[in-house]
Amino acid sequence: MHGFGSIQGALASVTLLLLNDATLTCVDALNVFQKFFKGDAIKSPISSKPAFSLNRVESLQDELLGAISNTNNGKTATLEEKTKVLQLVGELEEIAPPPEDLLSNTDEACRLDGCWYLQYTGSSDLQLGDDDQFPDAWKPASPVEPTMKDIPLKNEFDQSGAISARGIKVDASNREVQQNINVAKSRVSNVIEQGFGKLSVSGDFRQSDLVPQRVIVGFDDLEITLDQLGGLKLNFGFIFSLVALARGTKDSGWLETTFVSDRIRIGRGNKGTMFVLTRESGVVTA
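Letter by letter, the sequence shown follows residues 1 to 286 of our numbering.
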């Protein structure tokens, strides 16, 4: 039987959780009491990590937004800035990884749904010298998907401030880049503002059988909108059809979500690219 000291301990635990997480309800507090008297460890009901780490996650996100500001989507980032970004990204991925049912659970998948703004593009690894590499560089659990064995795992160009689809490279520095995800239709599109109008690349995606937080994307549509010609739209989707015919697969690549919150999403691509996207467009200074 628990005495007065035990009750004080439970009250202290509930107070600590409330201080660190303002979203807790009375029901959550009651659950904490129940777990305490059953002898269970007390943790935040919305995270498998201790409650104090939630504040650390928020702090790291703020630091990351500051670190990627004034880098032109990563294109003009110095080696020191790139190193700092990778350190912050790595810590977020370590202490707050997405759940394994991120794509299979409807409630979790909704966190990915909608519009995101690309704010930073860079390599998942860095050459710090002639023989030195970035310590603890991110390595995918299963780099090669069965349907993508002939697709290169490394980019042949510097990924900083650029994106590519099926080998088509587009400079994304100093431009607004939107990524729209439609979970219900398993469809994704990247829309890039250009001087002449907009360039949109889109395709279907499916969940990987090897890594649950990974999607395999097959781009099939490329559309260019010419604003100066009254919004004339030109479609070049046939390019993807030709590439798919040559490679024997419609799969263009894979993208793994390694961190996601209501503010920031971090992704790692099959060619070693790392992306930072945000829900709001103006939270990073280009």
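Ideal Cβ positions, reconstructed from N, Cα and C, are used throughout, including at glycine. Note that the coordinates shown come from a computational prediction; the quantities given were computed from them, not determined experimentally.
Residue 176 sits in coil when the DSSP states are folded into three classes, being neither helix nor strand. The region 262–281 and the region 58–76 touch, with no fewer than 3 CB-CB distances between them shorter than 8 Å. Restricting attention to 247, 286, 254, the CA atom closest to the CA of residue 272 is found in 254. As a beta-bridge residue in DSSP terms, residue 225 pairs with 198, 233. Just measuring C-alpha positions, the residue of 179, 241, 91, 252 sitting nearest residue 192 is 179. Counting C-beta pairs with one atom in each stretch, the region 87–99 and the region 232–239 have fewer than three that are closer than 8 Å, which means they do not touch.
Of the residues 217, 98, 201, the one whose Cα lies closest to the Cα of residue 145 is 217. CA-CA distance, residue 137 to residue 83, rounds to 10 Å. The alpha carbon of residue 93 has as its nearest neighbour, out of 278, 246, 283, 267, the alpha carbon of 267. For residue 118, the enclosing beta strand (DSSP E) starts and ends at 114–123. If you draw a straight line from the Cα of residue 277 to the Cα of residue 229, it is about 31 Å long.
When DSSP states are grouped into helix, strand and coil, residue 147 belongs to the helix group.
Residue environment: residue 202 is assigned as buried (16 or more neighbouring CB atoms within 10 Å of its CB, all protein chains considered). Cβ-Cβ distances below 6 Å link residue 208 to 214, 216 in the same chain, with the five nearest sequence neighbours on each side left out; the list follows chain order.
One alpha carbon belongs to residue 284, the other to residue 70, and they sit about 8 Å apart. The Cβ atoms of residue 270 and residue 97 lie no closer than 9 Å to each other. In the displayed model, residue 204 falls within a strand according to three-state DSSP. In the structure shown, residue 71 falls within a coil segment according to DSSP collapsed to helix, strand and coil. The residues 93, 266, 268, in chain order, have a CB closer than 6 Å to that of residue 258 in the same chain once the five nearest residues on each side in sequence are set aside. In the DSSP assignment, residue 79 falls within the alpha helix (DSSP H) that extends over 79–95. Of the residues assessed, residue 246 falls on the exposed side of the cut-off, its CB having fewer than 16 other CB atoms within 10 angstroms. Looking at the backbone, the Cα of residue 148 and that of residue 219 are separated by about 14 Å.
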